[in-house]
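Reading through the structure tokens given below for one structure.
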Amino acid sequence: MSTTPVTPKAVKTNRIGLQILDYRGGKTTLCAGCGHNAISERITEAFFEMGIQPERVMKMSGIGCSSKSPAYFMSRSFSFNSVHGRMPSVATGALLANKTMRSIGISGDGDTASIGMGQFIHLLRRNVPMIYIIEDNGVYGLTKGQFSATADIGSKLKTGVVNDLPAIDTCALAIQMGATFIGRSFSGDKKQLSAMLKAAISHRGTVMLDIISPCVTFNDHEGSTKSYKYMQEHEEAVSELGFVPHFEDIAVEYDHNTTVDVRLHDGSHLRLRKLHEDYDPTDKVHAMKMLMEAHDKGEVLTGVFYVDTQKPDFTSLLNMVDEPLATLPQERVRPSREVLTEIMEAHS
Amino acid sequence: MTPSELVAQAQPASGPASGVKQIVNDFSIQIATVNGSGSQSANNVLLRSIFRMGVPVSGKNLFPSNIAGLPTWYTIRVSKHGWVARKTDLDVLIAMNAETAQQDVLSLAEGAAVIYDESLKLNDLRPDLIYYPVPFDKLAASTGADAKIRKLVKNMVYVGVAANLLSIDMGWVEKTVRKQFAKKVKAAELNLNAVRAGFDYAASSLTKQDPYVVEPMNATQGKIIIDGNAAAAMGAMFAGVTVVTWYPITPSSSVVEQLIDYMKKYRIEQDGKANFAIVQAEDELAAIGMVLGAGWAGARSMTATSGPGISLMAEFAGLGYYAEIPGVIFDIQRTGPSTGLPTRTSQGDLTFIAGLSHGDTKHVMLIPATVKECFEFGIEAFNIAEQLQTPIFVLSDLDLGMNNWMSEPFEYPEKPITRGKVLDARQLEELGGFGRYKDVDGDGVPYRTLPGTDHSAAAYFTRGSGHNEKAQYTERPDDYENNMLRLARKFETAKTLVPKPVLESKGQQKVGIIAFGTSHFAVIESRDQLQRESQLATDYLRIRAYPFTQEMQDFVSRHERIYVVEQNRDSQMLNLLKIELDPTQTVKLHSVRHFNGLPIDARSITTAIAAQEGAGK
């Protein structure tokens, strides 16, 4: 008589042998139910599932509730909580020093669309290779609930104050400014957000994701256009996202008439099943039209609006050596005695 | 044609009128032109020709904030004594700008010579000057240059006239023109024709009546002429800078512009790839942000700016101080904000930078006085930044940065590049982790890791002042206080790393002078004047960095009275000294200030000190 040995329940590991625990961060100090916490969860899972070594990731942020959140995921990654609205420059500098690193920046609507607008658009324009996430709730949380520049016209604060200025559409802006992967999602849309984040990891260039992330304390009431309820009622996806990572077999057939397949930089595939007629994520003009029309209709469009896998990213444009600049040895960065002599001669 | 043939061919103007005593190698030439008229090449030829005759010179450009059309002046000082500070008395004027000609003539020293376009008819303005009218347009036309470039060629005509009248060796003039136009043989010939036309005209039509002449010396052999911004750029390149970010601003732009030229020439690797990144940022906020991001990730990073840029960088400078990130900021100082004389010099950023940003902050400043120090401090700033893990400011100024200075050639940096306390994966494994802000060595300088270090204990969270030794977020009063005290200890450590002040005398005089930066050249000349004219012997300490070191304390305590010479209104250095000195010592400090936008001159210092010392002439 034989006995079957009882195998202990295997802990799930990813393709580089790490567990989800290796991607966890510190305990969140944000409000219970805050959309940002759900986004942190999705980021954790995405990097785990993609099998990215956490030490190869830089987490960048500015100031605000959103910008605190890098402390709540991936503690084994290097993190820089910089100053208000200026994360793009710090992230750019860090990538110049070491272009072999991955970078994910977490910002908010205040941090991006008001104080940080200048640096934001120049980051997009340069196509700096990083994922830039706006955790967008339409209000300033840490200073207790003032409107931000992404608050919709006519939306109402808890105090009854009505916003009489139009919202800045950061996705439309990103399309015009030159980012190469642009999408909008909702912190409550687990499936869409997960696929979008994994595709973002596979893209090289600026990925700009505007993620509607309701503020349960200051902007989740009747009259808000960034509340859970409003999003459930008004979210309109332009496409259904499927993601096939480069390390998985890509045998699944798809219908070319209904689905757009985008091969990303690392060989992964993003499959976008059209929900909108004429949806074409490689057509800037159409993407803008779609966004503008949605504003008129009072819809919140989500999905990937635009992808360009051809445009070179900023570090490629600079034609740098392959190794990180940060750790080049003295022999390579200090010119020879002869060079000094030559320059001295020219000034004699 | 060899240089000697050229000299032999041309006859010097007739000798000075009898009775006029020659003044050899001790005068100044002012060339008054219009901005954008292309006089720079001509002025440079004059300067370098005299330099190559072995005679000490300095060249200062006084220019407006304008692209073309406004008046600009270039002053060459010729000094056998080697004095290179601005001289207030002007002895030879080359008046090429109709708009300012009258005023230019009126401001000359008695007996000065005026070389001018004959159409300006200046000779009636003052009877006490020597006039040399020159038909510049006719001479320029005679070179065969077409009308479009005649304006430029005209400038070379005055080089020829001056060369003749002042006995500047035409052999050297020719060599200098050829070197300047090395890649454009045709242009060199055209310019030389213009020089000759001027020279020949002076020889045949003008009679030398003024006393000023240049005679060959042997005081410049082996020396170079360079501007401070080029020197700083070279320093950065030899320091191994890898990330350079900037936003154009006068007078700092030429630091990065010249650095770009050097890097493209000397820092491209064999495969054609750059071992550096240079990025023109959208503003100074982004420039310093990139510097900190790059420094955090391990690069040697820098930016160059001027006062308004420093203002914008304030917040990040504070973050750099608290997050403890290396980086180098060159501040080429100028006068005030907005359209506030952006092309005039100043030493007015001292107190602002010393405590730049909110909260308690203290920044390390290196203050070069010479182009050689621009090079040397340009290198050392990067070492100190990484050793201390903090932003380092290098305070140059417009006078040093944009003007031409003689110097000994720069020495190759023998000291290896020091990257400071950086832990790698192997060390982390041995240590079993680290505390990012822990003072392990007692010098206030903690250990850091670079992003990408392949060890599970390598990462840490970087933020502002709210962190404990392990870089964890904290708002505990004791954590905050301990961190602040450690940062203060680190600033003490800075004193052991910064360039020490230079004591420029041996004596134990009663009167001491403290100065820094470009005031140096006026101070050494002034000390000579005080000694000769008032028999007032002085000692002189030149400060080269902040924080101050013990040498400063010793110097002050050894003297009865100290004159602090600086180019700002509010006695900024004196006030910084006061903070550190004992009250019994601060009463010794007296201020000598110069703040009109022009480089400081010796006479101003001499007059101020002599008056306060009650020393008669």
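Those sequence lines, one after another, are chains H and V.
Quick note: the first sequence uses the numbering used here, first residue 245, plus one each step.
Quick note: the second sequence uses the numbering used here, first residue -7, plus one each step.
Ideal placement from N, C-alpha and C gives every residue a C-beta, glycine not left out.
Legend entry - Touching by the beta-carbon criterion (3+ pairs, under 8 Å), the region 396 to 404 of chain V and the region 331 to 343 of chain V: no
Legend entry - CA-to-CA distance, A104(V) to Q1(V), given in whole angstroms: Working through the second sequence from its first residue, we reach residue 1(V) at position 9. Working through the second sequence from its first residue, we reach residue 104(V) at position 112. Unreliable placement is indicated for Q1(V), whose pLDDT of 40 sits below 50; the coordinate value is still reported in the next sentence. The alpha-carbon atoms of Q1(V) and A104(V) are separated by roughly 29 Å.
Legend entry - Any C-beta of chain V under 7 Å from that of H280(H): In the first sequence, the residue the question calls residue 280(H) occupies position 36. No - not a single Cβ of chain V is within 7 Å of the one on H280(H).
Inset, instruction - Taking the CB atoms as reference points, tell me whether N27(V) and L62(V) lie closer together than 7 Å. - result: In the second sequence, residue 27(V) corresponds to position 35, counting from 1. In the second sequence, residue 62(V) corresponds to position 70, counting from 1. Their beta carbons are under 7 Å apart, which means N27(V) touches L62(V) by this criterion.
Inset, instruction - Just the C-alpha distance for E496(V) and P360(V), rounded to the nearest angstrom, thanks. - result: To locate residue 496(V), count along the second sequence from 1; it is residue 504. To locate residue 360(V), count along the second sequence from 1; it is residue 368. Whole-angstrom Cα-Cα distance: 15 Å.
Inset, instruction - Could you tell me whether the region 80 to 94 of chain V touches the region 15 to 24 of chain V, where touching means 3 or more Cβ pairs closer than 8 Å? - result: yes
Legend entry - Any chain V beta carbon closer than 7 Å to L572(H): Against the first sequence, residue 572(H) aligns to sequence position 328. True, the Cβ-Cβ gap to chain V drops below 7 Å.
Inset, instruction - Report, in whole angstroms, the separation of the C-beta atoms of Y313(V) and P383(V), which I expect to be a contact under 8 Å. - result: Here residue 313(V) corresponds to residue number 321 of the second sequence, with the count starting at 1. Here residue 383(V) corresponds to residue number 391 of the second sequence, with the count starting at 1. 7 Å between Cβ atoms; contact.
Legend entry - Closest Cα partner of C459(H) within the set T502(H), S592(H), M302(H) and G389(H): The residue labelled residue 459(H) in the question sits at position 215 within the first sequence. That would be G389(H), whose Cα lies nearest to the Cα of C459(H).
Inset, instruction - Just tell me which of H513(H), T503(H) and N342(H) has its CA closest to the CA of T571(H). - result: In the first sequence, the residue the question calls residue 571(H) occupies position 327. Selected option, being the one with the closest Cα: N342(H).
Legend entry - Rounded separation between A594(V) and R326(V) - CA only: Taking the second sequence and counting its residues from 1, the one referred to as residue 594(V) is at position 602. Taking the second sequence and counting its residues from 1, the one referred to as residue 326(V) is at position 334. Distance between the alpha carbons of A594(V) and R326(V) is about 20 Å.
Inset, instruction - On a CA-only basis, which of N375(V), I216(V) and I260(V) is nearest P491(V)? Give me that one, please. - result: On the second sequence, position 499 is the one that residue 491(V) refers to. Of the listed residues, the one whose Cα sits closest to P491(V) is N375(V).
Legend entry - Residue-level contact to chain V via CB, M593(H), 7 Å cutoff: Any property of residue 593(H) remains undetermined from this structure, which presents chain H solely from 245 to 592.
Inset, instruction - Tell me, please, whether the CB atom of V235(V) is closer than 7 Å to any CB atom in chain H? - result: As a working mapping, residue 235(V) is identified with position 243 in the second sequence. Interface residue, yes.
Legend entry - Within chain V, the residues that M302(H) reaches when beta carbons sit closer than 8 Å: As a position in the first sequence, residue 302(H) is number 58, starting the count at 1. Within chain V, the residues near M302(H) are A289 and P443.
Inset, instruction - Determine, using beta carbons only, whether Q363(H) and P332(H) come nearer to each other than 7 Å. - result: Translated into positions along the first sequence, residue 363(H) becomes position 119. Translated into positions along the first sequence, residue 332(H) becomes position 88. It is a contact, given that the beta carbons lie within the stated cut-off.
Legend entry - Rounded separation between S284(H) and T272(H) - CA only: Within the first sequence, the letter at position 40 stands for residue 284(H). Within the first sequence, the letter at position 28 stands for residue 272(H). Looking at the two C-alpha atoms, the distance is approximately 9 Å.
Legend entry - Given Y267(H) as reference, the closest of E479(H), H280(H), A290(H) and N281(H) once Cα atoms are compared: Start at 1 with the first residue of the first sequence, and residue 267(H) comes out as number 23. Checked all of E479(H), H280(H), A290(H) and N281(H); the closest Cα to Y267(H) is A290(H).
Inset, instruction - On a CA-only basis, which of T288(H), V301(H) and K528(H) is nearest A423(H)? Give me that one, please. - result: Counting from one through the first sequence, the residue named residue 423(H) turns up at place 179. When each option's Cα is compared against that of A423(H), the closest is K528(H).
Legend entry - Cutoff 7 Å: R515(H) Cβ touching any chain V Cβ: Residue mapping note: residue 515(H) aligns to position 271 of the first sequence, counting from 1. So no, R515(H) is outside the interface.
Legend entry - Cα-Cα separation between M282(V) and V235(V), rounded to whole angstroms: Translated into positions along the second sequence, residue 282(V) becomes position 290. Translated into positions along the second sequence, residue 235(V) becomes position 243. Cα to Cα, M282(V) sits roughly 8 Å from V235(V).
Legend entry - Bridge partners - T237(V), DSSP secondary structure assignment: Locating residue 237(V) in the second sequence gives position 245, where the first residue counts as 1. Paired residue(s): V271(V) and T295(V).
Legend entry - Segments assigned beta strand (DSSP E), at least 3 residues, entirely inside the region 439 to 506 of chain H: DSSP runs (the beta strand (DSSP E)) wholly in the region 439 to 506 of chain H: 450 to 456, 479 to 481 and 483 to 488.
Legend entry - Own chain partners of E102(V) with C-beta closer than 6 Å, once the 5 adjacent residues on each side are dropped: Numbered from 1 along the second sequence, position 110 holds the residue referred to as residue 102(V). Only D120 meet the Cβ criterion.
Inset, instruction - Could you confirm whether any beta carbon from chain V is found closer than 7 Å to the beta carbon of M245(H)? - result: Position 1 of the first sequence, counted from the start, is the residue given in the question as residue 245(H). Note on M245(H): pLDDT 49, under 50, position unreliable in the model; the coordinate value appears next. False, the Cβ-Cβ gap to chain V never drops below 7 Å.
Inset, instruction - Could you tell me whether the region 389 to 404 of chain H touches the region 513 to 530 of chain H, where touching means 3 or more Cβ pairs closer than 8 Å? - result: Segments in contact, no.
Legend entry - Short CB-CB distance (under 7 Å) between K265(V) and chain H: Here residue 265(V) refers to the residue found at position 273 of the second sequence. Closer than 7 Å to some Cβ of chain H, the Cβ of K265(V) qualifies, so yes.
Inset, instruction - Please determine, among L277(V), M226(V), F322(V) and A266(V), the residue with the shortest C-alpha to C-alpha distance to V583(H). - result: Within the first sequence, numbered from 1, the residue matching residue 583(H) stands at position 339. Checking every option, the nearest Cα to that of V583(H) belongs to M226(V).
Legend entry - R44(V) to W164(V) span [Cα, whole Å]: Locating residue 44(V) in the second sequence gives position 52, where the first residue counts as 1. Locating residue 164(V) in the second sequence gives position 172, where the first residue counts as 1. Rounded to the nearest angstrom, the gap between the Cα atoms of R44(V) and W164(V) is 7 Å.
Legend entry - Meets three-Cβ-pair contact criterion under 8 Å: the region 191 to 202 of chain V and the region 240 to 260 of chain V: no
Legend entry - Contact between the region 447 to 461 of chain H and the region 413 to 421 of chain H (3+ Cβ pairs under 8 Å): yes
Legend entry - V488(H) to C415(H) span [Cα, whole Å]: Counting from 1 along the first sequence, the entry for residue 488(H) is found at position 244. Counting from 1 along the first sequence, the entry for residue 415(H) is found at position 171. Cα to Cα, V488(H) sits roughly 24 Å from C415(H).
Legend entry - Nearest-angstrom Cβ-Cβ length linking Y193(V) and V126(V), presumed shorter than 8 Å: For the purposes of this step, residue 193(V) is identified with residue 201 of the second sequence, where counting begins at 1. For the purposes of this step, residue 126(V) is identified with residue 134 of the second sequence, where counting begins at 1. The C-beta distance from Y193(V) to V126(V) rounds to 7 Å, short enough to fall under 8 Å.
Legend entry - DSSP bridge partner residues for I283(H) (one or two, in chain order): Taking the first residue of the first sequence as 1, we reach residue 283(H) at position 39. None, per the DSSP bridge assignment.
Inset, instruction - Consult DSSP for Q633(V) and reduce its assignment to one of helix, strand or coil. - result: Only positions -7 to 609 of chain V appear in the structure, and residue 633(V) is not among them; the question remains open.
Legend entry - Whole beta strand (DSSP E) elements within the region 385 to 428 of chain V, 3-residue minimum: 396 to 399
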